[in-house]
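So the structure is just underneath, and the comments pick up after that.
Protein chains: 2
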Amino acid sequence: MTESQLPSQIPFGRYVFERIKQVGVNTIFGVPGDFNLSLLDHVYTVDGLRWAGNANELNAGYSADGYSRINGMSCLVTTFGVGDLSAVNAVAGMMAEHVGCLHIVGTPSLSSISNRLLLHHTLGNGRFDIFEEMSKHITQKTASIDDIRTAQAVLDDLIETAYTTKRPVYLGLPSNFVDQLVDAERLKTPLKLTLPPNNKLAEDEIVEGIFNKIIEAKDPILLVDACASRHDVQDLVAQFAEATKFPVYTTPMGKSAFSEDHSRFGGVYIGVLSNPDVKEAVESSDLILSVGGLLSDFNTGSFSYNYHTTNVIEFHSDFCKVRAATYADVKMKYVLERLCRKIKDAKLDYVPKPLPESVNDYKQVANIKSGKLTQDYLWKKLSFFLRSGDVLVTETGTSSFGVTQTHFPGNITAISQVLWGSIGYSLPSATGAQFALEEIDPSRRCILFIGDGSLQLTVQSISDICRWNLKPYLFVLNNNGYTIEKLIHGPQAQYNMIQKWDHFKILELFHDKVDYENHRVSTIEELNALFADKAFNKNDKVRLIEIMLDEMDAPENLVKQAKISEQINAA
Amino acid sequence: MTESQLPSQIPFGRYVFERIKQVGVNTIFGVPGDFNLSLLDHVYTVDGLRWAGNANELNAGYSADGYSRINGMSCLVTTFGVGDLSAVNAVAGMMAEHVGCLHIVGTPSLSSISNRLLLHHTLGNGRFDIFEEMSKHITQKTASIDDIRTAQAVLDDLIETAYTTKRPVYLGLPSNFVDQLVDAERLKTPLKLTLPPNNKLAEDEIVEGIFNKIIEAKDPILLVDACASRHDVQDLVAQFAEATKFPVYTTPMGKSAFSEDHSRFGGVYIGVLSNPDVKEAVESSDLILSVGGLLSDFNTGSFSYNYHTTNVIEFHSDFCKVRAATYADVKMKYVLERLCRKIKDAKLDYVPKPLPESVNDYKQVANIKSGKLTQDYLWKKLSFFLRSGDVLVTETGTSSFGVTQTHFPGNITAISQVLWGSIGYSLPSATGAQFALEEIDPSRRCILFIGDGSLQLTVQSISDICRWNLKPYLFVLNNNGYTIEKLIHGPQAQYNMIQKWDHFKILELFHDKVDYENHRVSTIEELNALFADKAFNKNDKVRLIEIMLDEMDAPENLVKQAKISEQINAA
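Taken in order, these protein sequences are the chains called A and B.
Note that the first sequence covers residues 1 to 571 in UniProt numbering.
Note that the second sequence covers residues 1 to 571 in UniProt numbering.
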């Protein structure tokens, strides 16, 4: 039964999932529990919707995160107390990193709540509100249904909020409301998914002011950061770069928001951790156009930006800033749109300057045929394995630092949790991303890099991968423990060691008849051979590739970052 | 260096672990992270202390729970934000179920906090207090160190609170304080670990009142519940039963708080889910002495107690109640001590009545030699495998309901999270219990029963088991998914299905050279043979035993409970 053939009254549970489907969500992540079971019945009544059925809630939350980063929105369903608390770290990560998600928590019926029953999944103190109270700290908005007459409006508002702010929201849904009937007609009123327009006067003023600065600038640059992709202005950034020919730099979190095959891509800026020529180019600029900046420690070489803030214009999702002047509620999207139009019509007398030479550093490895496999080699060589459409997921650790050295061709999507940095995140996030890719274009590949230590936290996400016969590449960096922690503190400490696993047994345990491959790579020859193998390049089965690396081998920028972090922690 | 040889000044980090060691904690659970690394250095400076190094934080928290249930107290260390939020479900479970634990969170240095640095592991909003705020809802007390001069007092108070209230507490420890020096002399002042005495007048009154009721009663019973073991009054209950000869019944959560080999043990009372003769015996009693009652739905057959509250005396850890009169702050421990003494000196003219015959139901299976393996057989037969000293951990599901049919010999400790009921809890909890047993008496066995669905949430706890060469029995009930959920709602629903695992590969993946065994049991013959095997009875290696059961086979009390739960959820 399609949406247009709906009866005039439908159960509220169905309404929830019809709305979710309308915002492009096709997979619902989560774990069943007795307070959400009757809700889950309605997943199956909506055409094209599926219930992922994750092995645990934290993984479900991380998968909702990865899915949303590809798809623009996601939905997570857990049960009361035990379920939402298990997922709360993943939800907080979405809050920190600007990822939109509707988190639905199936709660006890309203009569159980008003009678303060001593139900399981409570603290036994008669309080049913504390889990929502906890979620208020880590979501954009929370609400619980307490009246069927307002239920649709509450839900619609939450979805709109999550979608437009790119943040998680929390819906408490008592089990008794799931099958109560609501008016289906409301589904015909589209949700408000576009940002409200800016105040015209403020927008006029800022566009004019920025345009004049652009005209005057001798050596302007674009610096593209996390929120450029999270708030979906990559296309505007590309148009802007095309129209102006200004060089474009990215931050670690901004990487992949701009094609590195573009002739004006200059490299990755990470403060003191940058390549010297990139550092020089960015910091000597007389106008930095910073798009979607998120100046966290790991994204900035521990706050080691050394440019003059008097030269900076900041574009953010919900405000802009020109030098010291903040324009509250002026959203970058509309400002960038107008600027792009204005610049295309104008004539800039900007003469493109040469770019830092280090942008070609990755080519050094192109012709190396043999030798010891190192992190340095791996990340540069990866540039040649990647192709347009790939999604590359890296774990906070040697992977997220190493990948800044990888050259991304156009149309790569990079996922990493650089700000929130929860260990183990990348695997279930890749699982979620792979769900989204399968829906959009199954030929697009999802490629994960995770360390052997991080893998241990969330390994059962590979069970979810097998359950749905998803086909990601799972590169496991086997370097005998938590290398990033060893670099920060305690290189020989026992607490930085891990249990040794036989990684080839993982897919044996989880596969249940799906086709899979295990590989182990210890040398440059082996890595080259694998990347050159045509069959390997085609994502037609799940593959686990164990990469054997020295315990203390790490990307140079991570080694430096770790030293700074230790000092900050002791200060 | 032992405590008595300490220098006069020691780092605060060391002080923390010296104090923890003083309350009998020998294993610290948790996961390293950059804000706790320097703290962890101090674990190794305290004689006899070890860092477990769990595979993830939720499992670490559950293990701290299991450890504390055996040991009386535990300690969990996580890192800021990502770490504490991953463990928060386990901490809430300890709050709900009265389990003492010090949760230490390594946080950014005070200077980072006061400068509101945009550090990783934050939401990027400059707020460093929100994770402690969240923990306030699910702990007895929280505190963060902000001044080294008061740090020791703050810590001591938190440990005392956790120990005496049997609840979790939260300590935020900024990384800069870890190596600051404090006075070691304070370690010589013992922590206050005993409960403050009751108000004497109130205690006199209640003891006299209860004693008179006992004298008058014709048909009194003892009903022993969860908090009898959590607040450590099992010995007093045993003395009381011995002195009075009153029959003793337990609840599901109270099971194992009284020896079922005792001649006055009458069975398990679960309201309408009880055996009929037990229900009749309890509900016709004219004086119910309820010790440590925790009247949650799953513990009471969904609140189906049917006795006259006018006949009830309630003993609780922090109050007592005689019929309708509440005695605030009158702690059961001292009341029971005095009552025991008083009764021993007195002469009761109580004539012991015969006990319900169903207490011997488990013996029905003693001579069955072959046939289909069922849940009913399994739980009764288990009675003959158990021996004094065993710790039996059951998952919320068919296991926790089924085990009410098992007869426990004396000195069994049963662990189950009947109130909080978080799926997957039992495996890491058993891991924690096994750590404690290894320290107390390695010949004592830890026996886990978990379903194939629940196992998937926390499976990497088996990696922790192998890391420390622990030797529990891991019984995995393979019944093809979430049977408890199927009974509540959606018996054929796809959301109640799970990915099929090859369970024999689990120990292959994790073992790393430790000795292990896999078994599969599908028939009564096979189960009998295994239980009869002398080698199998000795806990000299980790064993995984897969028990093949029908998908919808379940203990009768669970089938009934599930029907009631579905009605409550829809109401």
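Glycine is no exception: its CB is placed at the ideal position from the N, C-alpha and C atoms.
His-121 of chain A versus chain B: which residues are under 9 angstroms apart at the beta carbon?
In chain order: Ala-96, Leu-419, Trp-420, Gly-421 and Ser-422.
For Ala-554 of chain A, return the contacting residues in chain B, with the cut-off set at a CB-CB distance below 7 angstroms.
By Cβ distance, chain B contributes nothing, its closest Cβ being about 14 angstroms from Ala-554 of chain A, past 7 angstroms.
Assign Ala-535 of chain B to one of two classes, buried (16 or more other C-beta atoms within 10 Å of its C-beta) or exposed (fewer than that).
It is exposed - the Cβ of Ala-535 of chain B has fewer than 16 other Cβ atoms within 10 Å.
Just the chain B side, please: which residues come within less than 8 angstroms of Cys-466 of chain A by C-beta, in chain order?
Contacts between Cys-466 of chain A and chain B, judged by CB atoms closer than 8 angstroms, involve Gln-499 in chain order.
Looking at Met-548 of chain B: is its Cβ nearer than 8 angstroms to the Cβ of Ser-565 of chain B?
Taking 8 angstroms as the Cβ cut-off, Met-548 of chain B and Ser-565 of chain B do not qualify as a contacting pair.
Identify, in the order they occur along the chain, each residue of the same chain with its Cβ nearer than 8 angstroms to the Cβ of Asp-146 of chain B, setting aside the five sequence neighbours on each side.
Only Leu-110 and Pro-174 meet the Cβ criterion.
Sequence-distant residues of the same chain with beta carbon closer than 8 angstroms to Gly-481 of chain B, five excluded per side:
Only Asp-452, Gly-453, Asn-496, Met-497, Ile-498 and Glu-551 meet the Cβ criterion.
Spatial neighbours of Ser-259 of chain B in its chain, beta-carbon cut-off 6 angstroms, leaving aside the 5 residues before and after:
So the qualifying residues of the chain are Gly-410.
Does Ser-463 of chain A pass the burial test, meaning 16 or more other C-beta atoms within 10 Å, or should it be called exposed?
Counting the other Cβ atoms within 10 Å of the Cβ of Ser-463 of chain A gives 16 or more, which makes it buried.
What residues from the region 36 to 62 of chain B come within 7 angstroms of chain A, judged by C-beta to C-beta, listed N to C?
Contact annotation: in the region 36 to 62 of chain B, residues whose CB is within less than 7 angstroms of a CB in chain A are Leu-37, Ser-38, Leu-40, Asp-41, Trp-51, Gly-53, Ala-55, Asn-56 and Leu-58.
Whole angstroms is fine: what's the gap from Trp-468 of chain B's alpha carbon to Asn-479 of chain B's?
Taking the CA atoms as reference points, Trp-468 of chain B sits about 30 angstroms from Asn-479 of chain B.
Taking CB distances under 8 angstroms as the criterion, tell me whether Asn-306 of chain B reaches chain A.
Chain A contact via Cβ: absent.
Helix, strand or coil at Asn-478 of chain A according to DSSP, with G and I counted as helix
Strand.
Closer than 8 angstroms to chain B by CB, Ala-430 of chain A
No, no contact with chain B.
In the region 71 to 87 of chain A, which residues sit with their C-beta less than 8 angstroms from some C-beta in chain B, listed in chain order?
For the region 71 to 87 of chain A, which is checked against every Cβ of chain B, the residues closer than 8 angstroms are Gly-81, Val-82, Leu-85 and Ser-86.
Given a threshold of 16 other Cβ atoms within 10 Å of its Cβ, counted over all protein chains shown, does Leu-201 of chain B qualify as buried or as exposed?
Classification for Leu-201 of chain B: exposed.
Using 10 angstroms around the beta-carbon of Pro-555 of chain B, count the other beta-carbons present and answer buried if the total reaches 16, otherwise exposed.
Buried is the label assigned to Pro-555 of chain B, since at least 16 other Cβ atoms lie within 10 Å of its Cβ.
Would you identify the three-state DSSP class for Gln-494 of chain A, choosing helix, strand or coil?
Per DSSP, reduced to three states, the secondary structure at Gln-494 of chain A is helical.
Could you tell me whether the region 411 to 428 of chain B touches the region 87 to 96 of chain B, where touching means 3 or more Cβ pairs closer than 8 angstroms?
In short, these stretches touch, since the Cβ pair count reaches three.
Helix, strand or coil for Pro-174 of chain B per DSSP?
Here Pro-174 of chain B sits in strand by DSSP.
What ranges does the alpha helix (DSSP H) occupy inside the region 384 to 418 of chain B, keeping only unbroken runs of at least 4 residues that lie completely in it?
DSSP runs (the alpha helix (DSSP H)) wholly in the region 384 to 418 of chain B: 398 to 402.
Quick one: grab the DSSP three-state call for Leu-102 of chain A.
DSSP places Leu-102 of chain A in strand when its eight states are reduced to three.
Throw me the rounded Cβ distance for the Lys-141 of chain A and Thr-161 of chain A pair, which I believe falls under 8 angstroms.
Indeed, because the Cβ distance is near 5 angstroms, the residues count as touching under 8 angstroms.
How about Gln-405 of chain B and Asp-553 of chain B: are their beta carbons less than 8 angstroms apart?
The answer is no: Cβ separation not under 8 angstroms.
At a Cβ threshold of 8 angstroms, is His-262 of chain B touching chain A?
So no, His-262 of chain B is outside the interface.
Is Ser-109 of chain A close to chain B? Criterion is C-beta to C-beta, closer than 8 angstroms.
With 8 angstroms as the cut-off, Ser-109 of chain A counts as an interface residue toward chain B.
Status (buried if at least 16 other CB within 10 Å, exposed otherwise) for Ala-346 of chain A:
Result: exposed.
Hey, out of B:Ser-358, B:Ile-210, B:Glu-185 and B:Leu-474, whose CA is closest to Val-268 of chain B's CA?
Closest in C-alpha terms to Val-268 of chain B, from the list B:Ser-358, B:Ile-210, B:Glu-185 and B:Leu-474, comes B:Ser-358.
Which of the three DSSP states, helix, strand or coil, is assigned to Met-73 of chain B?
In the structure shown, Met-73 of chain B sits in coil (DSSP, three-state: anything other than H, G, I, E or B).
Going residue by residue through the UniProt domain "Thiamine pyrophosphate enzyme central" (210 to 331) of chain A, where are the continuous beta strand (DSSP E) segments of at least 3 residues, counting only ones entirely within it?
Whole beta strand (DSSP E) segments, 3+ residues: 220 to 224, 248 to 250, 265 to 268, 287 to 291, 312 to 315, 319 to 322 and 325 to 328.
Could you give the residue range of the beta strand (DSSP E) that holds Phe-29 of chain B?
It spans 27 to 30 - the beta strand (DSSP E) in which Phe-29 of chain B sits, taken as one unbroken run.
On the DSSP letters alone, give me the boundaries of the alpha helix (DSSP H) that Ser-463 of chain B sits inside.
For Ser-463 of chain B, the enclosing alpha helix (DSSP H) starts and ends at 461 to 467.
Please state whether the Cβ-Cβ distance between Ser-144 of chain A and Thr-107 of chain A is less than 8 angstroms.
Their beta carbons are under 8 angstroms apart, which means Ser-144 of chain A touches Thr-107 of chain A by this criterion.
When you compare the CB positions of Ser-63 of chain B and Phe-29 of chain B, do they come within less than 8 angstroms of one another, or not?
Contact: yes.
Just how far apart, CA to CA, sit Ile-214 of chain B and Ile-288 of chain B?
Note on geometry: alpha-carbon atoms of Ile-214 of chain B and Ile-288 of chain B lie some 10 angstroms from one another.
Taking 8 angstroms as the CB-CB limit, is Ser-565 of chain B close to chain A?
Yes, Ser-565 of chain B lies at the interface with chain A (some Cβ there is under 8 angstroms from its Cβ).
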